Structure formats: C-alpha cells, structure tokens
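Undergrad: To start, I am sharing the structure in question, which I have written as structure tokens.
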Amino acid sequence: MSETGVKNNNKPDGSRKVIYLMEYPIDLPGGGQMSTRTLCEGIIAGAEEMRDPKRTIWEPIVICPALLTHKAEDYPFRILEYKALENREDALIPRLINFAGRIRHFARLIRQEKPDLIHVSMSESLLTYGFSRLLPGLSKYPFIYTDRGLCYGYRRHTKLLMRAILKKSEGIICTTQYNKNLWAREKLIRSEKRPIKITVIPNTISEVFSRYEEGKRELMRKRFGLSKEDFVVGFAGRISEEKDWGFVPVLVKALKEAGVSFKVALVISVYEKQDTAIAAEIRKGITDSIGGDALIYMQDLSQEEISDYYYMLDVFVMSSMFESFGKAAVEAMSRKCPVVSTSVGGLKEVVGKEENLYTKNDLSRFTDRIKRLSEDKDELERDREFFYQRYLDNYTLKKHIQKHVALYDDIVEGNT
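Add 4 to a position in the sequence shown, counting from 1, and you land on the number used in this note's numbering.
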C-alpha cells in the first residue's frame with residue numbers, strides 16, 4: 005500500500021494507469037490538448053517498443069468533454085468522454101454548470117478506473133479535481149500538475165485555490181525554467197514539511213513534425229502559387245485572448261509601411277461561436293493593408309496539414325501578449341522556419357534569439373528584423389538552420405516522453 009492509500013494496480017504485464025484530466029476536448033486544436041495527445045501517443049509507442057520487463061509500462065487514459073470531430077476509437081489510447089457546455093470565458097452560468105458537472109464526472113470516472121497516477125494538464129481541471137478530492141475516497145490518488153500558464157498570470161482567488169490544491173500534489177511540471185523560477189518563489193510545502201518538487205519538461209509537438217522532408221517546401225509553395233521571390237509571413241493558432249489576434253493587422257500594416265514586400269499565410273482554428281466573427285475581422289484587417297491577393301487563409305487544419313503549412317513560410321510571427329511556452333514556435337522550428345515573436349513569458353526562452361524578439365511599444369525591432377530577413381538571403385538561411393538545430397537540441401518528442409515516464413516511475417516508486 006502506498007502512502008496515499010492506493011493499491012498497486014500493476015497488471016501481470018507490469019502496466020500502470022495514468023489518467024489525464026482536461027476541460028476541453030482533446031481534438032480541439034490548442035497547445036494543452038495537442039501536447040497531451042502527443043504525450044499519450046508517445047507513451048503507447050514506447051510501450052510497444054519496450055522489452056525490459058523491469059520497466060513500468062504506462063497505460064494513458066484521457067478524461068475530457070465529448071470530442072468535436074473525431075471518435076474515441078480514432079486514437080491509440082483510451083478516451084473517456086463526458087458532457088459539457090461551451091467553456092465560454094464571458095458566460096458565468098455555463099461555466100458554473102460545467103464546473104459542477106466536471107466535479108461529478110471526474111469523481112465517477114476516477115473511481116471507475118482506479119489509476120496509479122493522475123496527471124492534470126490544465127488549470128481549470130486542477131481546480132475541478134481539487135474539489136473532487138473532497139469527495140469520499142478520492143484524496144488517496146497521487147497527482148501531478150503541468151502548469152501550461154505562468155505562475156503570475158492567475159487571478160488572486162484562483163492562485164489561492166491552486167496553492168491549496170498543489171500542496172497535496174506529488175509535484176509540478178513547468179514547460180520552461182522561467183516558470184519554474186516563478187513557482188519556486190511560492191515555497192509550496194507539503195504536510196510532511198518537504199517542498200513540492202518542480203520539474204522542467206519542455207512542451208512538445210505532434211509526431212507528424214518529427215521528420216523534416218527535403219523538397220516539401222518547394223511543393224507547398226507551388227501548391228499555393230508562390231514564386232521563389234515571394235516572401236511569406238505566417239500567423240497561426242486558435243482564437244484566444246492571450247494570442248492577441250487583434251494586433252496581427254497592426255503588425256501587417258507596420259510591415260507594409262516599412263516597405264517590406266510580402267504575403268501573409270494565415271491559419272486560424274475556431275471553437276466557439278464568436279470565433280468565426282473574430283476570424284473574419286482579422287482577415288479584413290489584413291486585406292485592408294495588403295489586399296486580398298496577398299493573403300492565403302486556411303481554417304481548422306489537421307496536424308498533418310498544419311505541419312505542411314509551415315514549409316511554405318519564410319518567417320513565422322507570434323503576437324502573443326501572454327505565453328507560457330509557445331508550442332507553435334517549436335512547430336515552425338521543426339520545419340526550418342525562423343520565428344519572430346513578442347518578448348513575453350516563457351516564449352523568449354523558447355525562441356532563444358534576442359534579435360528575433362520584439363515588444364509592442366517598439367515595432368521598429370519587429371519591422372527591422374523582418375525587413376532584414378526578407379532582403380538578406382544568407383541571414384535568412386542562418387536563421388533557418390539556427391531554429392532547426394534548436395528544435396533538435398531541445399524539443400524532440402523522444403526526449404519529452406522519456407522525461408515524463410521517468411517522472412511517473414519516480415512518483416509511483418516513491419509512494420510504494
């Protein structure tokens with residue numbers, strides 16, 4: 005029996021269960037969902053390759069709202085769905101209904117599965133699980149939390165609740181050293197008077213990004229009618245407040261006024277009803293500056309399609325006002341695409357190149373860098389190689405999976 009009171013659920017084949025709790029469907033495009041999916045797929049693939057009987061084989065199980073466009077059987081790992089309303093930030097009643105429903109669904113499914121470890125991947129799911137643990141029999145399960153935000157980015161009451169819940173955890177995973185340092189200042193101490201362990205495991209991207217295909221850039225540019233001389237600036241992501249999509253037309257206009265000759269390739273993922281109107285407004289802001297012929301627009305791409313998208317770009321731009329990591333930056337790096345981004349949060353650590361960071365109160369740094377890359381082909385090529393090597397050194401899927409499995413093993417072995 006472990007310290008937490010959970011029986012060892014090892015099956016004859018040596019496997020253990022890890023449950024991932026989520027408040028969004030795992031097939032919704034977004035950093036947290038995609039990273040969790042990739043992690044689960046990697047654990048499954050690693051288990052199939054593993055031949056050492058002394059090593060633990062983990063069975064990943066995802067608990068999330070009903071899938072949007074896929075079926076649970078489309079995935080190589082188990083998905084347990086529950087009913088939920090749209091998680092709208094500005095609609096209090098649906099949010100409260102969702103919260104109460106998640107408490108009930110989390111409790112029911114955790115009791116059903118009896119996991120060896122619970123991995124909470126999103127902040128709202130952490131709050132939900134914290135309340136679920138007050139129900140009979142649920143406090144015995146060990147859990148860890150991946151903070152995909154930034155420690156200072158939570159509202160005061162949210163932070164107080166998170167602190168209380170995390171004091172009962174087995175540890176926190178941060179995607180950057182920057183965020184780890186922030187959490188270290190919180191000095192979270194368990195009842196045993198030992199500090200909560202904080203581990204840095206950088207975010208990762210889908211398996212489809214793992215191999216770079218020579219010649220794919222030329223094919224993608226030909227598909228969209230781009231010449232060798234066309235300089236393509238890319239923006240991509242789902243509609244969310246922290247991405248500051250309203251600033252993208254401002255950046256496009258600034259580039260135009262700086263005399264840069266370019267086209268824009270824009271990819272947006274929509275989820276809630278108001279997202280469609282926001283996407284239309286962004287497109288209009290861009291075409292007002294550069295015209296409709298200079299905009300390539302795509303929406304709701306699959307991981308395979310977004311992987312191909314990055315090949316056509318000369319530079320990928322991020323306009324985020326708040327970013328704990330910046331998964332899209334790593335996706336671009338894997339396709340030998342330079343990244344120019346705002347100098348915010350953990351994103352500056354991921355980008356790792358001062359010349360490619362800008363602030364919104366000084367757009368000259370942004371326009372000067374893009375202009376240089378558009379006019380100096382040698383500098384552009386150096387940037388391409390720099391970012392690709394940075395991806396290989398820090399953000400590959402294999403390293404990501406190995407670190408998670410090692411942490412899971414340490415937690416379970418420490419509690420037996």
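Glycine residues also receive a C-beta, built at the ideal position from the N, C-alpha and C atoms. Quick caveat: nothing in here was measured; it's all calculated off a predicted structure.
What did DSSP end up calling Ile209 once you bin it into helix, strand or coil?
TA: The sequence position of residue 209 within the sequence shown is 205, counting from 1. If DSSP states are grouped into helix, strand and coil, Ile209 belongs with coil.
Undergrad: Quick check: Ala258 and Thr371, are their CB atoms within less than 7 Å of each other?
TA: Within the sequence shown, the letter at position 254 stands for residue 258. Within the sequence shown, the letter at position 367 stands for residue 371. Contact: yes.
Undergrad: Out of curiosity, what's the CA-to-CA distance linking Gln303 and Thr280?
TA: Mapped onto the sequence shown, residue 303 falls at position 299. Mapped onto the sequence shown, residue 280 falls at position 276. Cα to Cα, Gln303 sits roughly 10 Å from Thr280.
Undergrad: Return helix, strand or coil for Pro98, following the three-state DSSP convention.
TA: Counting from one through the sequence shown, the residue named residue 98 turns up at place 94. Correct three-state label for Pro98: helix.
Undergrad: Exposed or buried, which one is Ala332 when buried takes at least 16 other CB atoms within 10 Å?
TA: Taking the first residue of the sequence shown as position 1, residue 332 is located at position 328. Ala332 comes out buried.
Undergrad: Mind checking which residues open and close the alpha helix (DSSP H) that includes Trp187?
TA: Here residue 187 refers to the residue found at position 183 when the sequence shown is read from its first residue. Residues 181 to 188.
Undergrad: Hey, which unbroken runs of the beta strand (DSSP E) at 3 residues or more fall wholly within the stretch 221 to 296?
TA: Complete beta strand (DSSP E) runs here, min 3: 236 to 242, 267 to 273.
Undergrad: To the nearest angstrom, how far is it from the Cα of Ser6 to the Cα of Lys407?
TA: Numbered from its first residue, the sequence shown carries residue 6 at position 2. Numbered from its first residue, the sequence shown carries residue 407 at position 403. Unreliable placement is indicated for Ser6, whose pLDDT of 34 sits below 50; the coordinate value is still reported in the next sentence. The alpha-carbon atoms of Ser6 and Lys407 are separated by roughly 23 Å.
Undergrad: When we look at the beta-carbon of Glu327 and count the other beta-carbons within 10 Å, is it buried (16 or more) or exposed?
TA: If you number the sequence shown from 1, residue 327 lands on position 323. Classification of Glu327: buried, given that the 10 Å Cβ count is 16 or more.
Undergrad: Can you give me the Cβ contacts of His1 inside the same chain, cut-off strictly under 6 Å, excluding the 5 residues immediately before and after it?
TA: The structure shown does not extend to residue 1, since the chain spans only 5 to 420, so no value can be given for it.
Undergrad: Report back the beta-carbon spacing between Tyr469 and Val124 to the nearest angstrom; my notes put them in contact at under 8 Å.
TA: The displayed coordinates of the chain run from 5 to 420. Any statement about residue 469 would go beyond what the structure contains.
Undergrad: Mind listing, in chain order, the continuous alpha helix (DSSP H) runs of no fewer than 4 residues lying wholly within the stretch 328 to 357?
TA: Entirely contained in the stretch 328 to 357, the alpha helix (DSSP H) runs reaching 4 residues are, in chain order, 331 to 337, 351 to 355.
Undergrad: Any idea if Ser324 is buried or exposed, counting beta-carbon neighbours within 10 angstroms, 16 or more meaning buried?
TA: Start at 1 with the first residue of the sequence shown, and residue 324 comes out as number 320. Counting Cβ neighbours within 10 Å, Ser324 comes out buried, since at least 16 surround it.
Undergrad: Restricting to Cα atoms, I'd like to know which of Arg152, Ala168, Asp120 is closest to Phe135.
TA: Position 131 of the sequence shown holds residue 135. Answer by Cα proximity: Ala168.
Undergrad: Should Glu335 go down as buried or exposed, given a rule of 16 or more other Cβ atoms within 10 Å for buried?
TA: If you number the sequence shown from 1, residue 335 lands on position 331. Glu335 should be labelled buried.
Undergrad: How long is the line joining the alpha carbons of Tyr412 and Met316, rounded to whole angstroms?
TA: Sequence index remark: in the sequence shown, residue 412 carries index 408 (1-based). Sequence index remark: in the sequence shown, residue 316 carries index 312 (1-based). Roughly 39 Å separates the two Cα atoms.
Undergrad: With burial defined as no fewer than 16 other Cβ atoms inside 10 Å of the residue's Cβ, what is the status of Ser368: buried or exposed?
TA: Taking the first residue of the sequence shown as 1, we reach residue 368 at position 364. Counting Cβ neighbours within 10 Å, Ser368 comes out exposed, since fewer than 16 surround it.
Undergrad: How many whole angstroms separate the CB atoms of Ser421 and Ile209, which I take to be in contact at a CB cut-off of 8 Å?
TA: With the chain covering 5 to 420 only, the question about residue 421 has no answer from this structure.
Undergrad: Considering only residues of the stretch 368 to 420, which uninterrupted beta strand (DSSP E) runs meet the minimum length of 3 residues and lie entirely inside it, listed in chain order?
TA: Whole beta strand (DSSP E) segments, 3+ residues: zero.
Undergrad: First and last residue of the beta strand (DSSP E) that includes Leu165?
TA: Within the sequence shown, the letter at position 161 stands for residue 165. Run containing Leu165: none in the beta strand (DSSP E); it sits in the alpha helix (DSSP H), 160 to 170.
Undergrad: Are the CB atoms of Pro119 and Ile23 nearer to each other than 7 Å?
TA: The sequence position of residue 119 within the sequence shown is 115, counting from 1. The sequence position of residue 23 within the sequence shown is 19, counting from 1. Yes, the Cβ-Cβ distance between Pro119 and Ile23 is below 7 Å.
Undergrad: Taking Ser378 and Phe266 to be in contact with their CB atoms under 8 Å, please state how far apart those CB atoms are, rounded to whole angstroms.
TA: One-based indexing of the sequence shown puts residue 378 at position 374. One-based indexing of the sequence shown puts residue 266 at position 262. About 6 Å; that satisfies the 8 Å criterion.
Undergrad: Where does the unbroken alpha helix (DSSP H) through Phe135 begin, and where does it stop?
TA: Within the sequence shown, residue 135 is the residue found at index 131, counting from 1. 127 to 136 is the extent of the alpha helix (DSSP H) around Phe135.
Undergrad: Flag this pair as yes or no: are the beta carbons of Val237 and Val321 separated by less than 7 Å?
TA: In the sequence shown, residue 237 corresponds to position 233, counting from 1. In the sequence shown, residue 321 corresponds to position 317, counting from 1. Closer than 7 Å, so yes.
Undergrad: With distance defined between alpha-carbon atoms, name the residue in Leu270, Gly330, Lys163, Ala188 nearest to Gly36.
TA: As a working mapping, residue 36 is identified with position 32 in the sequence shown. Among Leu270, Gly330, Lys163, Ala188, the Cα nearest to that of Gly36 belongs to Gly330.
Undergrad: Compute the Euclidean distance between the alpha carbons of Ile415 and Glu218, then round it to the nearest angstrom.
TA: Walking along the sequence shown from the start, residue 415 turns up at place 411. Walking along the sequence shown from the start, residue 218 turns up at place 214. Going from the Cα of Ile415 to the Cα of Glu218 covers about 42 Å.
Undergrad: Considering only residues of the same chain and omitting the five flanking positions on each side of Met224, which have a CB-CB separation below 7 Å?
TA: For the purposes of this step, residue 224 is taken as residue 220 along the sequence shown, with counting starting at 1. Counting only Cβ-Cβ distances below 7 Å, and skipping sequence neighbours, we find Asp312, Tyr315, Met316.
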